[in-house]
Amino acid sequence: MLVLDYPETLLTLFDYDHFLSAGLGILLNLIVVVGLNLPPCRTLGNYRWFLLAHTLNDLVSAITIFLLELRFDYNFNTFIMLIDGPGTALGRAVGLILFAIFTASYMLNITLLGVSFIYRYLKICKKHLLNMILNQSKYVIAIVIVIFTPVTLITVVSMYVYTYSHKFSISDETDTYHTTVLNVENITSPSFIIAGSMFIGLASICYTIVYSCCSAIFKTLKAAEKSMSQRTKKTQRTLTLVLLLQSATPVLTSSLPAMVMISGIIAGLEVRWVTWIMSTTFAWLPTLNAIISLVFIAPLRTILKGRFRSVKVTTVRVTTF
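Following numbering that gives the first Met the number 0, the numbering of the sequence shown begins with 0 at its first residue and continues without gaps.
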């Protein structure tokens, strides 16, 4: 039995962080899904479907994070994912299925960002090309294949990389207890290197697309400022900025730490501290995305504006008095 030693305060932090982030992620994403299906939000057009896809994917991620209680570690020269959640109590098959769903939803989150920015770019800069693509089913089918092929490949390879094991236990300075893990038996194996390289490649391509499309969108909006109404200009800039903010959350909470972690493991560096940081940050991705998406829920936005105005009026009255 291999023992993973942790400071007691760190394990407590992991527990609170996990349940708070996963619980808020489930609640807020449910609110966004309901809000996007209300009549006022239908004015968002096709962009509403992108938001719904992002939100439903984040909801699935939040649920699997809660059921797996996923944490990361690097010890005994192996990469370890601890899965102590209620989902693993149902057996090995359920645990592996939940892990596959989590992996697919995580990769899909990154891929959808790239596709969303390409859509925004075509909508603003190449509208005639967008209309041609949407009007021909063969192009739509090709886009779906491009989205799901890398997601499926990485998920399938990941299932071969990790071993479902009970040979680890956790020590928190006062007690020791058994845990269920998914670990890499050999970090120099071709399957682990391929899976890690595929993830880094997918993330790099998608974020390059985000940067390129965002630059082109802002240049086009700036060039067309005189011919656009103030409302249209404000709406387009807001949509692009929100998308940019949504692309920053996975970079900061999970993608960047994961890329550093995988690169460090392959290079044979000590990256245990990176795995601990990622254990506390990655679970917040669905929650942060939901908070950003709440901007598009018109009824909620109206309520907040009303409250802000009432507070402003009250402040003016008090000041006048």
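Using N, Cα and C, we set each Cβ at its ideal position, and we do this for glycine too.
Asked	Found
Cβ contact check for the segment 286–293 and the segment 52–59: 3 or more pairs under 8 Å	yes
Backbone CA spacing between residue 267 and residue 169 [nearest angstrom]	23 Å
Counterpart residues of residue 260 in DSSP-defined beta bridges	Answer by DSSP bridge pairing: none, since residue 260 is not bridged.
Residue range of the alpha helix (DSSP H) that includes residue 72	First-last for residue 72: 69–74, but that is the beta strand (DSSP E), not the alpha helix (DSSP H).
Residues of its chain near residue 103, where Cβ-Cβ distance is below 6 Å and the 5 sequence neighbours each way are ignored	150 and 154
Alpha carbon of residue 217 to alpha carbon of residue 34, nearest angstrom	28 Å
Completely contained beta strand (DSSP E) runs for the segment 33–114, where each covers 3 or more residues	69–74 and 77–82
Same chain, Cβ closer than 7 Å to residue 128, five either side skipped, listed in chain order	121
Under 8 Å between C-beta atoms of residue 250 and residue 194	no
Rounded separation between residue 226 and residue 219 - CA only	11 Å
Cut-off 6 Å between Cβ atoms - residues of its own chain near residue 58, not counting five sequence neighbours on either side	28
Beta-bridge partners of residue 333, as assigned by DSSP	Since the displayed the chain opens at 0 and closes at 320, residue 333 lies outside it and no answer follows.
Length at least 4, wholly inside the segment 176–226: the alpha helix (DSSP H) runs in chain order	189–222
Distance cut-off 7 Å: residue 175 Cβ against heavy atoms of the ligand NAD	Among the ligands in the structure shown, none appear at all, so the ligand NAD cannot be discussed.
Boundaries of the alpha helix (DSSP H) in which residue 139 is found, first to last residue	136–160
Between the CA atoms of residue 143 and residue 228 - distance to the nearest angstrom	34 Å
Proximity winner among 163, 65 and 77, relative to residue 91 (alpha-carbon distances)	163
Buried or exposed by the 16-neighbour rule on C-beta atoms within 10 Å, applied to residue 184	exposed
Inter-stretch contact (C-beta, 8 Å, three-pair minimum) for the segment 271–286 and the segment 61–75	yes
Contact under 8 Å by Cβ, residue 238 with residue 47	no
Residue 296 and residue 124 closer than 8 Å at C-beta	no
Local Cβ density within 10 Å of residue 252, reported as buried at 16 or more and exposed below that	buried
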